[in-house]
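Structure first, commentary second.
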Amino acid sequence: MWKRVVMFLALVALVVPAVACGEPAETIKIGVLLDTSGDLGSMGTRIMQGAELAAAEINAAGGVLGKNVELVEEDGQTDPQKGFDRVKKMVEVDGVQVIAGPMITGASLLAIPYVKTHQVPLISPSATGVPLSSIDGTEWFFRTCLRDDVQGQVLADIIVDKGYTRFAAIVLDNTYGKGLEEAIMDRLEAVNWTGEQVASIHYAGATKDYRTELQQIKDADPDVIFCCSYCDDGILIFKQASQLGLDDIAWLGCDGNYGSGLFADSTSAAFMEKALVAGTRTVGSGSVYDSFAPAYNEAYGEDPEVYCDTMYDAVWAAAKAIAAAGTYDGEAIRVALTELEFDGATGPINFSEIGDRSSGTWEIWDVVKDANTTSGYKDHTVEIVTWSAEE
Amino acid sequence: MDVNWAQVLFNSAITGSLYLLGAVGLTLTYGLSSFPNFAHAEFITLGAFLGYTIGTQLGLGLPIALVVTFFAAGLVGLLCYRGIFQPLAKRGATIIHLMVASIALSFILRYSMGAIWSWKPYYFASSWAAFDVGPLRVTDLWLWLIAVAVGLAIVMHLGLVKTRMGKAIRATSSNPDLALAAGINISKVILVTWFVGAGLAAVAGIFRGADTQVWPLTGWDIILPIFAVTILGGIGNFYGAIAAAFIIGLAENFGVVGLMALGLSTSYRLGISFVILIITLIVKPQGLAMFFRRA
Chain A
-14 MWKRVVMFLA
-4 LVALVVPAVA
6 CGEPAETIKI
16 GVLLDTSGDL
26 GSMGTRIMQG
36 AELAAAEINA
46 AGGVLGKNVE
56 LVEEDGQTDP
66 QKGFDRVKKM
76 VEVDGVQVIA
86 GPMITGASLL
96 AIPYVKTHQV
106 PLISPSATGV
116 PLSSIDGTEW
126 FFRTCLRDDV
136 QGQVLADIIV
146 DKGYTRFAAI
156 VLDNTYGKGL
166 EEAIMDRLEA
176 VNWTGEQVAS
186 IHYAGATKDY
196 RTELQQIKDA
206 DPDVIFCCSY
216 CDDGILIFKQ
226 ASQLGLDDIA
236 WLGCDGNYGS
246 GLFADSTSAA
256 FMEKALVAGT
266 RTVGSGSVYD
276 SFAPAYNEAY
286 GEDPEVYCDT
296 MYDAVWAAAK
306 AIAAAGTYDG
316 EAIRVALTEL
326 EFDGATGPIN
336 FSEIGDRSSG
346 TWEIWDVVKD
356 ANTTSGYKDH
366 TVEIVTWSAE
376 E
Chain B
36 MDVNWAQVLF
46 NSAITGSLYL
56 LGAVGLTLTY
66 GLSSFPNFAH
76 AEFITLGAFL
86 GYTIGTQLGL
96 GLPIALVVTF
106 FAAGLVGLLC
116 YRGIFQPLAK
126 RGATIIHLMV
136 ASIALSFILR
146 YSMGAIWSWK
156 PYYFASSWAA
166 FDVGPLRVTD
176 LWLWLIAVAV
186 GLAIVMHLGL
196 VKTRMGKAIR
206 ATSSNPDLAL
216 AAGINISKVI
226 LVTWFVGAGL
236 AAVAGIFRGA
246 DTQVWPLTGW
256 DIILPIFAVT
266 ILGGIGNFYG
276 AIAAAFIIGL
286 AENFGVVGLM
296 ALGLSTSYRL
306 GISFVILIIT
316 LIVKPQGLAM
326 FFRRA
């Protein structure tokens, strides 16, 4: 008797999930791959809120193809291989047909050839590496952020404008860090800059002790130091630079070390306020941004930081492309993305043939004291620079 | 480019001091219990978290944090040995069993600390005064670290040579059977060693945490060079560990200068201690131990 009951229950257990799988999906899944832990954890967690805000708005407006949008959220841990594993999981286990992400260039490099064979387009909010536009499968890769070569131009122009002549770089030893350094040097060369690069350091984020590296920079006697880091490693570089007395040299930052996450250590925050003369990041603009920013603040109790707006646009782009395609199918969504045109929180969005933005807005920022924040510091807009590909 | 060699040497002393504090417990427990304890990395991490909680969150400052953490982590180390490794060894576990058990313990402790304190990094609130001494740039924290490491070396040396317990540790470490026959209480010797070893690892964790950041991988981040120190110095050899810690500290920091001169990424810094470890194992598996008496 008991044997039969057990057999019956086992059968039920086998059949029920099969039936559940057989039913048509009740939601439209959009994969979201962000690094909500690791060196970019604090930034990724905020960017995730941009994705969730977009999804909430899309659903409030009636969803897509008559169904609600469901975000499949995954954490790439600021590690290219782990990010790529999450992409495979979303495609093979969850069956997503479009992914907003990856967040970093390294994970995108691994994911692009894979999504080409599985026909799932990627829309990255923040993978800025230049090589992503030319590798095999790039037609499956779109991005709502601007590329490192453009950011390099903006940074190089700051160096020229301020008249610096001894340039040093301490950058992450990856596509992002080295790409940005190269873009700055290319632009400096193109505008016949008369200075020279006196030091170049490519460091690993895991080392955490950068004293000897920073000492080497100090010994090279630069008048400007460019730091391309993520958040947690950036804190340590600024902290150790402060201890080693590199705070009387001008420092430049970038989108990777923008944000209140950098103020978690008081020495690092004070150093940025004193020494960092300028950093760059893409920033939203236009009427959509003017409604996005207050909505974000209302939902999460803080202002949107870097790439929250591009993520918001990436999820909207995915939803609009699915609606335009009329079907939840990767290839149809990809074609729809190439034809998409809409106003996003980061301005007008229409992707070029290689999936890049053709225009955008840069903010030049620095760090100021602000007694109203928990850390006592905040980022501050110095200047807004608009850029378009036609120039 | 002019290199400030004095600063590079000083940086090597900082690195070496940290590795010495981290490695003493590992090398002595390895020597006495005959297996490499991978959970040693978590003793370091535990020290960083306890030090942060006591020093920064409770605001009691570094000296109190160092003392309380030393005893608390020492107790954890002792309990780990008494509760896990000793029973296993009594049941005839080999070095492989004990090592795998220590890896398991390492994961359990690491993820438990992640669950308690989260995976978000913390930073000590203290900001350390930085000042120039001749060509050197130093901070209070770095001087503290070097002072504690030097103090440890002196106290341990005197302890090993002058005290009964120290002599017992040396005797047990060099020949357990003979020590037992001579009436030495081996299990007490081993318990004391685990207590002191874990306590010192925790002290290393506080310094590493205050110098960089505190998160569940604080110990894991530096366990590779600490193993390199243990093996280069000769397993179970305290004096060898002192020499090895500073050799690896020098190799890493001079390595960074060399890597930069060659235009290479300084990421390879992490590989330097690994290369030293491999060469030692190939050329002289007993490490520097042959130059020092066993202790």
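Top to bottom, those sequences are chains A and B. Position one of the first sequence corresponds to residue -14 (the numbering used here), numbered consecutively onward. Position one of the second sequence corresponds to residue 36 (the numbering used here), numbered consecutively onward. Beta carbons are placed, not taken as given, at the ideal position from N, Cα and C, and that holds for glycine.
Same chain only: Cβ atoms within 6 Å of residue i, ignoring 5 sequence neighbours per side
i, result
"residue 2(A)", "With a pLDDT of 48 at residue 2(A), under the threshold of 50, the predicted position of this residue should be treated as unreliable, though the coordinate-derived value follows. Within the same chain, residue 2(A) has no close Cβ partners at all."
"residue 269(A)", "294, 330, 331"
"residue 260(A)", "232, 236"
"residue 6(A)", "The predicted position of residue 6(A) is uncertain, since its pLDDT is 47 and thus under 50; a value taken from the coordinates is nonetheless stated next. Around residue 6(A): no qualifying Cβ."
"residue 376(A)", "Reliability of the predicted coordinates at residue 376(A) is poor, the pLDDT of 48 falling under 50, and no value is obtained from them."
"residue 326(A)", "335"
Contacts that residue i makes with chain A (C-beta to C-beta distance below 8 Å)
i, result
"residue 305(B)", "189, 191, 192"
"residue 43(B)", "197, 200"
"residue 141(B)", "Going along chain A, no residue has its Cβ under 8 Å from residue 141(B), so there is no contact; the nearest lies around 18 Å."
"residue 50(B)", "194"
Contacts that residue i makes with chain A (C-beta to C-beta distance below 7 Å)
i, result
"residue 288(B)", "197"
"residue 191(B)", "Ordered by position in chain A, no residue passes the 7 Å Cβ test against residue 191(B), which lies about 25 Å from the chain."
"residue 256(B)", "191, 193"
"residue 150(B)", "None at all; the shortest Cβ gap to chain A is about 14 Å."
"residue 160(B)", "251"
Member of the options whose CA lies at the smallest distance from the CA of residue i
i, options, result
"residue 56(B)", "142(B), 79(B), 93(B), 308(B)", "79(B)"
"residue 335(B)", "249(B), 304(B), 266(B)", "There is no way to answer for residue 335(B), as the model of chain B reaches only from 36 to 330."
"residue 169(B)", "42(B), 320(B), 313(B), 315(B)", "42(B)"
"residue 73(A)", "107(A), 356(A), 335(A)", "107(A)"
"residue 233(B)", "39(B), 75(B), 49(B), 53(B)", "75(B)"
"residue 36(A)", "174(A), 14(A), 136(A), 255(A)", "14(A)"
"residue 369(A)", "350(A), 148(A), 99(A)", "350(A)"
"residue 9(B)", "261(B), 91(B), 249(B), 321(B)", "The requested residue 9(B) does not occur in the structure, where chain B is confined to residues 36 to 330."
"residue 80(A)", "276(A), 191(A), 365(A), 313(A)", "313(A)"
"residue 87(B)", "245(B), 270(B), 183(B), 290(B)", "245(B)"
"residue 193(A)", "241(B), 253(B), 237(B), 236(B)", "253(B)"
"residue 1(B)", "201(A), 274(A), 12(A)", "Residue 1(B) falls outside the range modelled here, since chain B spans only 36 to 330, and no answer is possible."
"residue 239(A)", "22(A), 284(A), 168(A)", "168(A)"
"residue 164(A)", "117(A), 197(A), 308(A), 180(A)", "117(A)"
"residue 264(B)", "314(B), 238(B), 153(B)", "314(B)"
DSSP bridge partner residues for residue i (one or two, in chain order)
i, result
"residue 14(A)", "55(A)"
"residue 236(A)", "210(A), 261(A)"
"residue 270(A)", "331(A)"
"residue 75(B)", "Residue 75(B) is not bridged to any residue."
"residue 197(A)", "None; residue 197(A) has no bridge partner."
"residue 345(A)", "372(A)"
"residue 128(A)", "109(A)"
"residue 300(B)", "Residue 300(B) pairs with nothing; no bridge assigned."
7 Å Cβ cut-off: residues of chain B touching residue i
i, result
"residue 186(A)", "295, 301"
"residue 221(A)", "247, 248"
"residue 230(A)", "165, 172"
"residue 204(A)", "36, 37, 38, 39"
"residue 217(A)", "156, 248"
"residue 22(A)", "154"
"residue 158(A)", "300, 302"
Spatial neighbours of residue i in its chain, beta-carbon cut-off 7 Å, leaving aside the 5 residues before and after
i, result
"residue 345(A)", "131, 267, 331, 332, 372"
"residue 205(A)", "153, 183, 184"
"residue 221(B)", "207, 211, 214, 215"
"residue 258(A)", "352, 353, 354, 362"
"residue 214(A)", "157, 222, 241, 242"
"residue 219(B)", "203, 206, 207"
"residue 317(A)", "310"
Neighbour list for residue i in chain B, Cβ cutoff strictly below 8 Å
i, result
"residue 114(A)", "The contacting residues do not exist; residue 114(A) stays about 17 Å from chain B at best."
"residue 201(A)", "36, 38, 291, 292, 295"
"residue 26(A)", "154, 155"
Chain A residues whose Cβ lies nearer than 9 Å to that of residue i
i, result
"residue 347(B)", "In the structure as shown, chain B starts at 36 and stops at 330, and residue 347(B) therefore has no counterpart that could be examined."
"residue 46(B)", "194, 196, 197, 200"
"residue 236(B)", "Under the 9 Å cutoff, chain A gives no residues; its nearest Cβ is about 17 Å from residue 236(B)."
"residue 207(B)", "Within chain A, no residue comes near residue 207(B); the closest Cβ sits about 35 Å away, beyond 9 Å."
Proximal residues to residue i (C-beta, below 8 Å), its chain only, five neighbours per side dropped
i, result
"residue 4(A)", "Reliability of the predicted coordinates at residue 4(A) is poor, the pLDDT of 45 falling under 50, and the value obtained from them is presented with this limitation in mind. Here the set comprises nothing."
Quiz item: Quick one, which residues of the stretch 308 to 323 of chain A are near chain B if we go by CB-CB under 9 Å, in chain order?
Solution: none
Quiz item: Taking any Cβ of chain B, which residues in the stretch 241 to 254 of chain A have a Cβ under 7 Å from it, in chain order?
Solution: 249, 250, 251, 252
Practice problem: Identify each residue in the stretch 76 to 110 of chain B for which the Cβ-Cβ distance to at least one residue of chain A is less than 8 Å, and report them in chain order. | Solution: none
Practice problem: May I ask you to list, following chain order, the residues of the stretch 90 to 112 of chain A that have a beta carbon less than 7 Å from some beta carbon of chain B? | Solution: none
Practice problem: Check each residue of the stretch 48 to 79 of chain A: if its Cβ is closer than 9 Å to any Cβ of chain B, include it; give the result in chain order. | Solution: none
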